[in-house]
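A.B. asks: Heads up, the sequence shown is in numbering that gives the first Met the number 0, so the first residue is 0 and it goes up one at a time. Think of the CB as a built atom: it goes at the ideal place given N, C-alpha and C, for glycine as much as any other residue. The structure's right below; bear with me while I get my questions together.
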Amino acid sequence: MATDESIVFKAESPQPIDHYLKLLTENFEKIAPNATQEQMDLFIQLKNSVISSNIHSTRKTQRAAEQQVAQLSEYVDIVSHQLEALKKLQTQEGKQSASHSGKAVDYQKVFKEKQAELRSLEAQIREVNEKRKQLNEKNNTTIYWHEVSLKQSEQDHHAAIAELHMKIKNLQFELEKASD
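Next comes the structure, spelled out in structure tokens:
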């Protein structure tokens, strides 16, 4: 069998799972056109298992991203509280005498460092939130199409069974007709 360019997996530009499942189905139909119903059922189970596994992995990735955002949000809250405490200390220091000006400078330095850290964390949270949003959209789309594929596979399976039942009924009818 010649290697088709569309079958080759490229890490730099992977195709969606549905693409590879479609290729597998096409190749299965080419390789085993006379497959038994049991073999076809096993192949359908394999495809459905791959789809279910991909849905599970997508949801797992989504949960991990949500946990990461929650952890970063908690850390930002902690830093914000520390920043507020430093602001209070800074205003108290400003009110005290000039003999304590060295401490005020230290608090101001820590305050500026915490502000910079807070800005950095807020930027990271915005970035993670944007990535999470994009992942959620992509995951929801992927899950939707996988569920559609599962339903389509199920319908195809039921249609194949119905077709086989019709063939059996027709053969039984022909046998009865021939025996009369």
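If you measure between the beta carbons of Gln36 and Ile160, is that distance less than 9 Å?
C.D. replies: In contact: Gln36 and Ile160 (Cβ atoms closer than 9 Å).
A.B. asks: DSSP three-state label for Thr35, please.
C.D. replies: Coil.
A.B. asks: For a quick check, are the C-beta atoms of Leu85 and Tyr106 less than 9 Å apart?
C.D. replies: For Leu85 and Tyr106, yes; Cβs fall inside 9 Å.
A.B. asks: Where does the unbroken alpha helix (DSSP H) through Asp179 begin, and where does it stop?
C.D. replies: Neither: Asp179 is in no alpha helix (DSSP H) and is coded neither H nor E.
A.B. asks: If you check the beta carbons only, do Arg131 and Val78 fall under 9 Å apart?
C.D. replies: Cβ atoms of Arg131 and Val78: not closer than 9 Å.
A.B. asks: Would you identify the three-state DSSP class for Ser96, choosing helix, strand or coil?
C.D. replies: Caution applies to Ser96, whose pLDDT of 48 falls short of 50 and renders its modelled position unreliable; the value that the coordinates give is listed next. Residue state, collapsed to three classes: coil.
A.B. asks: Does the Cβ of Leu20 have 16 or more other Cβ atoms within 10 Å, making it buried, or fewer, making it exposed?
C.D. replies: By the 10 Å Cβ count, Leu20 comes out buried.
A.B. asks: Look up Val127 in the DSSP assignment and say whether it is helix, strand or coil.
C.D. replies: Val127 falls in the helix class under three-state DSSP.
A.B. asks: Find the nearest neighbour of Val109 within the set Arg125, Lys87 and Ile124, judged by alpha-carbon distance.
C.D. replies: Ranking Arg125, Lys87 and Ile124 by Cα distance to Val109 puts Lys87 first.
A.B. asks: Taking all protein chains shown into account, decide if His164 is buried (16 or more other Cβ within 10 angstroms of its Cβ) or exposed.
C.D. replies: By the neighbour-count rule (16 or more Cβ atoms within 10 Å), His164 is not buried but exposed.
A.B. asks: To the nearest angstrom, report how far apart Asn185 and Ser51 are at their CA atoms.
C.D. replies: This structure does not reach residue 185, given that the chain is present from 0 up to 179, and the question cannot be answered.
A.B. asks: How would you call Ile16, buried or exposed, if buried means at least 16 neighbouring beta carbons within 10 angstroms?
C.D. replies: Ile16 should be labelled buried.
A.B. asks: Less than 8 Å between the CB atoms is what I'm expecting for Gln61 and Asn138, so what's the real figure, rounded?
C.D. replies: Between Asn138 and Gln61 the Cβ distance is about 5 Å, and since that is below 8 Å, they are a contact.
A.B. asks: Is the distance from the Cβ of Ala63 to the Cβ of Val127 below 9 Å?
C.D. replies: It is not a contact, given that the beta carbons lie outside the stated cut-off.
A.B. asks: Do you know offhand how far Arg125's Cα is from Trp144's?
C.D. replies: In a straight line, the C-alpha of Arg125 is about 28 Å away from that of Trp144.
A.B. asks: Taking the alpha carbon of Leu134 as the point to measure from, which residue in Phe8, Leu22 and Thr57 has its own alpha carbon closest?
C.D. replies: Closest option to Leu134, Cα to Cα, is Thr57.
A.B. asks: Using a threshold of 9 Å, state whether the C-beta atoms of Ile54 and Ile142 are closer than that.
C.D. replies: Cβ distance < 9 Å, so Ile54 and Ile142 count as in contact.
A.B. asks: Looking only at its own chain, which residues have a Cβ that is under 8 Å from the Cβ of Lys113, when we skip the five neighbours before and after it?
C.D. replies: Excluding sequence neighbours, Lys113 sits near Val78, Gln81, Leu82 and Leu85.
A.B. asks: Closer than 7 Å by C-beta to Ser72: which residues in its own chain qualify, once you throw out the five before and the five after it? Chain order, please.
C.D. replies: Excluding sequence neighbours, Ser72 sits near Ile124.
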